[in-house]
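If you read the protein sequences in the order shown, they are chains A and V. To convert, take the position in the first sequence, counting from 1, and add 4; that gives my numbering. To convert, take the position in the second sequence, counting from 1, and add 129; that gives my numbering. Contents: one structure, followed by commentary.
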Amino acid sequence: MKWLNRAGHLSLMGFSVLIFFLCVQLGIGKPQSPGPGFMPLLAAVVLFCLSLATIIVESRGASEDEGGKSSLGLAELAKPACLVIALIGYAFLLNVLGYPVTTFLLLFALFSVTEPQHWRKNLLIAALVAVLSFLVFDKWLRVKLPDGIFLIGW
Amino acid sequence: MDFLESIAIGFRASFQPINLLYCFVGVLIGTLVGVLPGLGPGGGMAILLPVTFYVPPLSTIIMLAGVYYGAQYGGSTTSILLNIPGEPASIVTCLDGYQMARQGRAGPALGISAFGSFIAGTLGTLGIMVLAGPLVRFALRFGPPEYFSLMILGLIILSFLSSKSLMKSIAMSALGLILSYVGMDSIAGEPRFTFDIDELFTGLPIIPMVMGLFGIAEVMENLEHSVKGSIFKTHLKGLLPTMRDWADSIGAILRGSAIGFFLGILPGGGAMLASFVSYATEKRLSRHPERFGKGAIEGVAGPESANNSGSSGALIPLLTLGIPSNIATGVLFAGFLIHNITPGPLLLKEHPDMFWGIITSMYTGNVILLILNLPLIGFWVRMLQIPFNKLFPMIILFCLIGVFSLNYAVFDILLMILFGVVGYIMRKCKYESPPLVLAFILGPRLEQSLRQSLLLSRGDPAIFFSRPISAACLIIAVVLLITSCTKYLGKKRVEMLKG
Chain A
5 MKWLNRAGHL SLMGFSVLIF FLCVQLGIGK PQSPGPGFMP LLAAVVLFCL
55 SLATIIVESR GASEDEGGKS SLGLAELAKP ACLVIALIGY AFLLNVLGYP
105 VTTFLLLFAL FSVTEPQHWR KNLLIAALVA VLSFLVFDKW LRVKLPDGIF
155 LIGW
Chain V
130 MDFLESIAIG FRASFQPINL LYCFVGVLIG TLVGVLPGLG PGGGMAILLP
180 VTFYVPPLST IIMLAGVYYG AQYGGSTTSI LLNIPGEPAS IVTCLDGYQM
230 ARQGRAGPAL GISAFGSFIA GTLGTLGIMV LAGPLVRFAL RFGPPEYFSL
280 MILGLIILSF LSSKSLMKSI AMSALGLILS YVGMDSIAGE PRFTFDIDEL
330 FTGLPIIPMV MGLFGIAEVM ENLEHSVKGS IFKTHLKGLL PTMRDWADSI
380 GAILRGSAIG FFLGILPGGG AMLASFVSYA TEKRLSRHPE RFGKGAIEGV
430 AGPESANNSG SSGALIPLLT LGIPSNIATG VLFAGFLIHN ITPGPLLLKE
480 HPDMFWGIIT SMYTGNVILL ILNLPLIGFW VRMLQIPFNK LFPMIILFCL
530 IGVFSLNYAV FDILLMILFG VVGYIMRKCK YESPPLVLAF ILGPRLEQSL
580 RQSLLLSRGD PAIFFSRPIS AACLIIAVVL LITSCTKYLG KKRVEMLKG
């Protein structure tokens, strides 16, 4: 996972440079009256220096934890990626389709990620949990969950 | 107000039926969180945070604290029966607990860990009662420079203890500080890093962040490789330890309680460190250290007691100084803020019923935990049989409902997903989340203390070194940094000489 480590450190460096310039724009102030950019600028400098130091240390092979071995392949990344895609889809569909329908779709997708062969069981459990959780949170605990275009909320 | 009067106020408050109910709910959920691998006490508490909007303030904190110390009880069950720690503070229990189970002594192992936890939890609560008052009086002397230096020390200690790489931990603290400054600057009244996004003007909300970093990232990581482990097939009989077991364990329980409590008080300390130190101490003091790792009951009793009293001790900096020392107390801090209550030296003066109510509720909580963990052990063992693929969609669903119910905004869900991905990448790159979250919580107060100190001294940074408490904190922080650098350079030198 060397590429991921390097990408992580470089992203942190890039982020700290961005914050540095934003802090300068905000105004650093003077020691006797520090401005709004003063403290974040200090933090950004620390973050930049430490990210740079980590890249140098790890590129010299000093990192104990990687040793050039890749313990994570694309196959292992597939399930976490599916989860993220399903969650993003859920966020965008929630207000459109409403809570019960979107939750049913999400749960069915999540159960199917790990056990695609038991699709009938997954379908049943997803429907049951979606309806029960809607009744508990929306009707009993009064959490205003979206009804969506199907106006399932009653 | 004398000590006994304070205790009476505390018991009156914590014995209210609603508080007893929330104490029960908290320790029950805590035990569940501890029993089920894959969700630590911090994550479990974060999931409950949105619920606390609808709960009275004292009940909220009693419930969240119950989750925290309840998880320490529950964590031992998976360590002993599955050789998988339910939460980090139970890692060391696997060493001898699982070996005891293999030898047909799962019952005494579970029994002594429950009794040890009860004794330690009770002693830890007693310790808080005795020390809290004097510490509050001491903390009232603190000004902005002292608070600034103490928070810096806390962040350095947490970084020093929580990771193999001090550089990465401090980098995460710096990132947490930057993120905490998103929103309106309270002194200048200017928006910072908001990029004209309306939702960011009030700052980044902590709940989506914590749920993403701990809940979603944890599930993503567990999805890579499903948690495998089989419950050791053994009859759970003889949960009550024998006289011989007690004789072997009582010293370890008392030592573990003391070690845990005092290590728990340290910023960055808490249950995990306490359990490791207790195990090392017991092994060193034992006449038969060779038994450790092969089913020594002291190796279960000591660490299990230490992690419970450690969780009690960790409440002291939060309640007296208003400084959370680890991620779980950080979430507890957020629970206080939800109800517009700032923990710290003034908590005792302004809300004595709350202050003493929280502390005394821990007695009740420990009794409930003993009842839950001994007669109901069979139930918890059955809970262990819930497969992860049925469990994780439920965790995700609770996170989604919890985050959405904050503001009824899809933006919060997207923020949680973003932090989930960030948390997952951080785990892959061996960056740790606790320093980030703690720095995020402390950030605004740290900045305020720094700016107030510099205003007081007219820009002279010597103010941090001219006041004894502040100077002592900064000197300890510098010593820790130098120690860490020296160790690293020494290791490099040995490697070069070998190479």
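Glycine included, C-beta positions come from ideal geometry on N, C-alpha and C.
Residues near P179/V by beta carbon distance below 6 Å, same chain, minus five either side: The residues are G531, S534, L535.
Y197/V beta carbon less than 8 Å from that of A457/V: Against a cut-off of 8 Å, the Cβ pair of Y197/V and A457/V comes out as a contact.
Separation of C528/V from V147/A, as counted between CA atoms: Each residue's alpha carbon lies about 14 Å from the other.
Chain A within 8 Å of N536/V, Cβ atoms only: No, N536/V does not count as interfacial toward chain A.
Straight-line Cα distance separating T489/V from F140/V: Counting only the Cα atoms, T489/V lies some 6 Å from F140/V.
Range of the contiguous alpha helix (DSSP H) that encloses R596/V: No alpha helix (DSSP H) holds R596/V; DSSP gives it neither H nor E.
P38/A (DSSP reduced to helix, strand or coil): In the structure shown, P38/A sits in a strand (DSSP, three-state: E or B).
Backbone secondary structure at G473/V - three-state DSSP: G473/V falls in the coil class under three-state DSSP.
Neighbourhood of L603/V by C-beta, 8 Å cutoff - its chain only, sequence neighbours within 5 removed: The residues S278, I281, L282, F593, F594, in chain order, have a CB closer than 8 Å to that of L603/V in the same chain once the five nearest residues on each side in sequence are set aside.
G332/V - DSSP class collapsed to helix/strand/coil: Three-state result, G332/V: coil.
Cβ-heavy atom distance, L544/V to the ligand NAP, below 7 Å: The ligand content of the structure shown is nil, which means the ligand NAP is not present either.
Own chain partners of A606/V with C-beta closer than 6 Å, once the 5 adjacent residues on each side are dropped: For A606/V, where only same-chain residues beyond five positions count, the Cβ hits under 6 Å are I281, L282, I285.
Inter-residue spacing [alpha-carbon to alpha-carbon] between C558/V and A381/V: Roughly 38 Å between the two C-alpha positions.
Chain A contact for I542/V (CB, 8 Å cutoff): Contact of I542/V with chain A is assigned, a C-beta pair being separated by under 8 Å.
Contact list for the region 454-483 of chain V against chain A, Cβ threshold 7 Å: Listed by position, the residues of the region 454-483 of chain V near chain A (Cβ gap below 7 Å) amount to none.
Chain V residues whose Cβ lies nearer than 8 Å to that of S39/A: In the sequence on display, residue 39/A carries Gly and not Ser. Those are A317, listed as they occur along chain V.
Chain-ordered neighbours of A110/V on chain A, where CB pairs are closer than 8 Å: This structure cannot speak to residue 110/V, because chain V is shown only from 130 to 628.
Min CB distance G588/V to chain A below 8 Å: True, the Cβ-Cβ gap to chain A drops below 8 Å.
Enclosing alpha helix (DSSP H) for N126/A [first to last residue]: From DSSP, the alpha helix (DSSP H) with N126/A extends over 123-138.
Contact list for K616/V against chain A, beta-carbon separation under 9 Å: Residues of chain A passing the Cβ test: none, with the nearest at roughly 13 Å.
DSSP three-state assignment for R321/V, whether helix, strand or coil: Strand.
V566/V vs V339/V beta-carbon contact at 8 Å: In contact: V566/V and V339/V (Cβ atoms closer than 8 Å).
Chain-order list of residues whose beta-carbon lies under 7 Å from that of G459/V (same chain, five-residue window excluded): Result list for G459/V: P453, V566, L567, I570, in chain order.
Contact under 8 Å by Cβ, F390/V with G439/V: Taking 8 Å as the Cβ cut-off, F390/V and G439/V qualify as a contacting pair.
Inter-residue spacing [alpha-carbon to alpha-carbon] between S137/A and H480/V: For S137/A and H480/V, the gap between their C-alpha atoms comes out near 36 Å.
Coil, strand or helix - G253/V by DSSP: DSSP places G253/V in helix when its eight states are reduced to three.
Minimum C-alpha distance to I500/V - residue among G240/V, A600/V, M555/V: With respect to the C-alpha of I500/V, the residue from G240/V, A600/V, M555/V having the closest C-alpha is G240/V.
Interface partners of Q36/A on chain V, CB under 9 Å: Here the neighbours are L583, L584, S586, R587, G588, D589.
CB contact check: L136/A to chain V, cutoff 8 Å: It does not; no Cβ of chain V falls within 8 Å.
Local Cβ density within 10 Å of Y276/V, reported as buried at 16 or more and exposed below that: Its Cβ being crowded by 16 or more others within 10 Å, Y276/V is buried.
Minimum C-alpha distance to D482/V - residue among V550/V, S188/V, A175/V, M174/V: Nearest C-alpha to D482/V: S188/V.
A11/A versus C53/A: straight-line alpha-carbon distance, rounded: For A11/A and C53/A, the distance between alpha carbons rounds to 16 Å.
Beta-ladder partner(s) of G33/A, from DSSP: Bridge partners of G33/A: P38/A.
Exposed unless 16 or more other CB atoms sit within 10 angstroms - verdict on H417/V: With fewer than 16 other Cβ atoms inside 10 Å of its own Cβ, H417/V counts as exposed.
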